[in-house]
Amino acid sequence: MMVAGLSEENAHPGAVRAFKELGWWDLTKKFKPASLPDCQ
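Have a look at this one:
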């Protein structure tokens, strides 16, 4: 699913808006937010 792992903090604002318009954003509640490794 395209929304798996997304959250307001780690997704592009335009993507969040588009997924909300499609009614898909509620599906993010089924998945844990992704945490990316710190690459320094």
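Residue numbers are given in our numbering: position 29 of the sequence shown equals residue 26, and the series is strictly consecutive. Idealized CB from N, CA, C, for every residue including glycine. Since we're looking at a predicted model, the values are computed, not measured.
In the assembly as shown, A8 is a buried residue. Its beta-carbon has 16 or more other beta-carbons within 10 Å. The continuous alpha helix (DSSP H) containing V13 extends over residues 10 to 19. Taking C-beta atoms as the reference points, G11 and F28 fail to come closer than 8 Å.
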